[in-house]
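To start, the structure under review is shown below, and the notes come after it.
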């Protein structure tokens, strides 16, 4: 293709044979799926063998960026990782920021497809057309910060990378993939997939800047984007405190569950107020090409961790390592957060696993002997720090928790499942589904399990673009579908979701940016872009259907959320009305209400006729 | 001067007025003192106000490199820091490696003289002719690794720096100055001097390569040097394990005191054998321009610190954090070592302070309440890690130990001084003076206190260049003077002492390198170079005399070394015969035996007539 916006190449890597082959990006793929998450869905659909063990060499790990990555467009240099998840058994997409995405583009690739398993630990060194499988035995076993020094020294000081730590090597089911600047593709166990392939890191460097189709149009669109960001009412708050601006607010709004979802109240929650948190900020920083600069560095001047300099935990981690464990000690949360980054652990799942263990001990389901003699208590920072380490290194009780709460509950037995807060095996994030029904519906139906970023409901949570009653069940199928498709559309373009969810960016502006950058006529039409979003979402669903984890029976939600009413205002007495919500949702989706399966009609409407045929052959189309 | 070898500039910095002025390097200074440690002695003699409080703005911190720094000559890019020490009250020289020394040269300076005190924390950004006093309030409080990210991002990714951590800021009396690559000018409290000046770091970048006077001669001399290194019998061992090659060997030879010098035996000492230590090595690395590559990185694959990646402790730290505390847990020693590097603490003094505290508690001199309820025990890794932190942050008992063992003993009283193993306030390193008399004599008479690197006696310890009975007192004055002057000579040229002490480099080769690089005729003569060594040594002594800490009564050694015989072979029954050794030494030095003061005759012989006159006016010349 006459390549604008895109790098124009896909790199196919086979670790078993140590072969890497670059192929031209098919124009048709670009048109049909835009890029990034879109490419991931299509490549996995095409390449993932049905029923594959996620930790076998046959699992496929797809790393992608969008057509705007590495350009002047704002917030568009995210890198996406798609794979079959060892945590959920479903299709998975994990995503992160920093500079690695832009660098992949500069190295000359829109997507990297990794298959096979190296005989011994390796890292992949991608230097434009030169691809090397480098021995990684000397860094196998090291944390991300330890590996960092080797990787950059051995390649290029200005290279960027995505690596795993000891957690990924030890196949912790929720091991993360961590970039050189500690941005993580955290969820779903991509780190374990890399670990299972003996792939310690992917390092990239290049100087190939993407060509822009229409420079003048593009410049204007970017100016409009920057203007739109600056006049957005959430811009200032995002800049000042990042996602932490929302911790206290979401607590007040009743979205912030505590003590493993038992409660919605938290002692000393004042410590999460913006005016307290801002005292810890040492530095603002941004991902490649983003004026929001939501990244924060953190300075501790008192207490046992004084002097240590760490990434500031995000909203989610202040919840998973904080509120959900009854902990409000910011220093300990921050320290544990950074340990998790360096070991390469998803903080949401790790925190949920710790909350699960504490509640099991509290309920008398597990004995002190089973938890290595630890005194598991709510609100104890030492428990947090110790269990993060034990999970990452699979020590003692950590070896069980490293399986994720779903499997850990199966191992423990004795009714432990009741306290395992997950959907499809993915631990719940910091939003109580009972307090936001469309948001909860997105979680319940999500193709990757309980991810807060696959359908974050701005209508309900922040009232953007218009306020909707979060407790009502009316029209929530439509709202859930809307944000799921919108998210898929923007992520197919490689966009960060913060500007999307805060209303800084519209489909109209997305269209301008995409067309000006790529010159692809179809991208001029926002209806087409929405169609791609829905197409991507349905194709991801189809992968789950093919894998046998894509029916109504998989769209579950923990019993506690279904049966225990919220004990306090503002969501007092709310439960989650799963069945009613699902009926509405499947109908709006054009899927079969009884089975939750996509219909031939819907798939054909989305240009996925072949997909429909494949599912039909498998007996997985509704009759 | 027609500038060869040297950068040709001295930078005078006044932090109080935020003025920096560069002056041409006087040729006479270069000829008379060569550079590096030589420049430090001369500049301190000239500029240090008599009787200054080491932590006041009037203390002078001199940072220097030698004329071979940044050239192809091997092991010659050390950076030296001279100041009046807050730990000892004496003149002090502290020294380190890495790349910072070469970069100072590339930035265009042979020496930097820092005076005054900034009103608020600053760092100095030296970019060739551009000198900036940059606000450092955002990194004040951070560890060295935390600061690193800011300093390099805010200046130049390829810049190099020397910085302090929380220990220096808190004026811990043995706070270190740490480079970007964690090489430290550890001893004597240079970090506290920087802290007292509100100077967080000195960052340098430049592209000015030193000019060589005679390229062909120089190339040949460097070739000869590399050849000499390679054929040296210690080269291989240094390369394989660095200074750790000697841990077990020196233990066997009886130089390795244990349990605060109470014993000379250590349980599980096998863990320090080269064949065990080499299993931890993940990487060899070198300072600028050195084929020895004695630097090691360390990988822990088991235990509580698994996955963490740290600098390998040197010989001294395996002693101070290991043998001297009864600890042989390599993982804990390594972890504590790196904590110390990141907090900016001298590991020798910190370990000695911990040993002192443990023995006081063991002897019942301090109570559990006074040590924050800790159970201080020999051989307990947790005690080590906890006390390193407490000292660095001046918490509880750490606040007293942070004063160094001499002052801590005064604070405690109750006879604690008996267990404070120091000379002139500087904690003893890993050599038992009783087992090597000339080496011990160097320690006792050293101008900076008990430093192992100011007169390391290769004759006694390794038998280089010829073996001398270490227990005999015969001829030890001469041997002590020889290594002290030799050390001063090589350090005036900016040399690392490892090649000197292992016999890889001779004065003859030094002379060739210096002359070829600088074209200074005097440097052709090795006798002249030896004279400079003695001159530097005597000038440093004169500074101490002027400060009132340079007489025989200051050349003391701990009572335990004087009175308690070594309990085990090979040095069984040895004590340290201080007075006999001192008499011999002063005589050989041409100093007054009764007072230990340098004579006018000796000073004049060394070209230090003005120095003699000054001391005379102060009544500090022997009558």
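Protein chains in written order, with our numbering: chain A, 1 to 623; chain B, 624 to 1246. Using N, Cα and C, we set each Cβ at its ideal position, and we do this for glycine too. Being a predicted model, the structure only gives us computed values, none of them experimental.
Pick from the options: whose alpha carbon is nearest that of residue i?
i	options	result
residue 98 of chain A	A/444, A/307, A/159, A/609	A/159
residue 846 of chain B	B/662, B/1136, B/1142	B/1136
residue 761 of chain B	B/775, B/907, B/744, B/754	B/744
residue 356 of chain A	A/283, A/287, A/551, A/259	A/259
residue 23 of chain A	A/338, A/141, A/9, A/179	A/9
residue 678 of chain B	B/746, B/1180, B/814	B/814
residue 1015 of chain B	B/753, B/759, B/791	B/791
residue 1205 of chain B	B/997, B/695, B/1174	B/1174
residue 85 of chain A	A/67, A/58, A/146	A/58
residue 693 of chain B	B/747, B/702, B/833	B/833
Can you grab the Cα-Cα spacing for the pair residue i / residue j, in whole Å?
i	j	result
residue 687 of chain B	residue 734 of chain B	4 Å
residue 1240 of chain B	residue 648 of chain B	29 Å
residue 88 of chain A	residue 352 of chain A	15 Å
residue 308 of chain A	residue 766 of chain B	6 Å
residue 786 of chain B	residue 817 of chain B	9 Å
residue 624 of chain B	residue 1046 of chain B	At residue 624 of chain B the pLDDT is 46, less than 50, meaning the model places this residue with poor confidence; the figure from the coordinates comes in the next sentence. If you take the alpha carbons of residue 624 of chain B and residue 1046 of chain B, they lie about 41 Å apart.
residue 362 of chain A	residue 387 of chain A	16 Å
residue 564 of chain A	residue 421 of chain A	13 Å
residue 1123 of chain B	residue 904 of chain B	25 Å
residue 630 of chain B	residue 656 of chain B	15 Å
residue 1067 of chain B	residue 1055 of chain B	12 Å
residue 776 of chain B	residue 659 of chain B	29 Å
residue 1237 of chain B	residue 789 of chain B	39 Å
residue 43 of chain A	residue 13 of chain A	13 Å
residue 1162 of chain B	residue 1107 of chain B	13 Å
residue 926 of chain B	residue 954 of chain B	8 Å
residue 241 of chain A	residue 831 of chain B	42 Å
residue 1201 of chain B	residue 992 of chain B	38 Å
residue 278 of chain A	residue 715 of chain B	42 Å
residue 1190 of chain B	residue 886 of chain B	7 Å
residue 641 of chain B	residue 674 of chain B	25 Å
residue 856 of chain B	residue 726 of chain B	31 Å
residue 375 of chain A	residue 558 of chain A	26 Å
Just confirm the distance between the C-beta atoms of residue i and residue j, as a whole number of angstroms; I'd bet it's less than 8 Å.
i	j	result
residue 1112 of chain B	residue 851 of chain B	Actually they do not touch by this definition, with Cβ atoms about 17 Å apart.
residue 1069 of chain B	residue 797 of chain B	Their Cβ separation, rounded to whole angstroms, is 16 Å, which puts residue 1069 of chain B and residue 797 of chain B out of contact at 8 Å.
residue 862 of chain B	residue 895 of chain B	Not a contact, Cβ separation roughly 19 Å.
residue 365 of chain A	residue 405 of chain A	About 13 Å; that fails the 8 Å criterion.
residue 562 of chain A	residue 576 of chain A	6 Å
residue 321 of chain A	residue 311 of chain A	Going by Cβ atoms, the distance from residue 321 of chain A to residue 311 of chain A rounds to 13 Å, so no, they are not a contact pair.
residue 805 of chain B	residue 867 of chain B	At roughly 16 Å, the Cβ-Cβ gap does not stay under 8 Å, so residue 805 of chain B and residue 867 of chain B are not in contact.
residue 39 of chain A	residue 29 of chain A	7 Å
residue 15 of chain A	residue 115 of chain A	7 Å
residue 186 of chain A	residue 346 of chain A	4 Å
residue 4 of chain A	residue 212 of chain A	6 Å
residue 442 of chain A	residue 426 of chain A	Going by Cβ atoms, the distance from residue 442 of chain A to residue 426 of chain A rounds to 13 Å, so no, they are not a contact pair.
residue 1019 of chain B	residue 1003 of chain B	Rounded, the Cβ-Cβ distance is 17 Å, inconsistent with contact.
key: Contact set between the stretch 585-612 of chain A and chain B, restricted to residues whose Cβ is under 8 Å from the partner   = Answer in chain order: no residues at all.
request  = Quick one: which residues of the stretch 139-164 of chain A get their C-beta closer than 8 Å to a C-beta of chain B? List them in chain order.
outcome  = Near chain B, meaning a CB-to-CB distance below 8 Å, the residues of the stretch 139-164 of chain A are 139, 141, 142, 143, 145, 146, 147, 149, 150, 157, 158.
Selection of the stretch 887-921 of chain B by Cβ proximity to chain A, strictly under 7 Å = So the close ones are 905, 906.
query = Got a sec: which bits of the stretch 993-1025 of chain B sit with their beta carbon under 8 Å from any beta carbon on chain E, in order along the chain?
reply = Reference to chain E is not applicable here, since the protein chains of this structure are A and B.
ask   = Any residues in the stretch 962-981 of chain B with a beta carbon nearer than 7 Å to a beta carbon of chain A? Which ones, in chain order?
value = In summary, the residues of the stretch 962-981 of chain B whose CB is separated from some CB of chain A by less than 7 Å are 966, in the order they occur in the chain.
Ordered list of alpha helix (DSSP H) runs contained in the stretch 719-773 of chain B, each at least 4 residues = The qualifying runs are 723-730.
key: Within 8 Å of chain A by C-beta, residues of the stretch 1098-1113 of chain B in sequence order   = Listed in sequence order: no entries.
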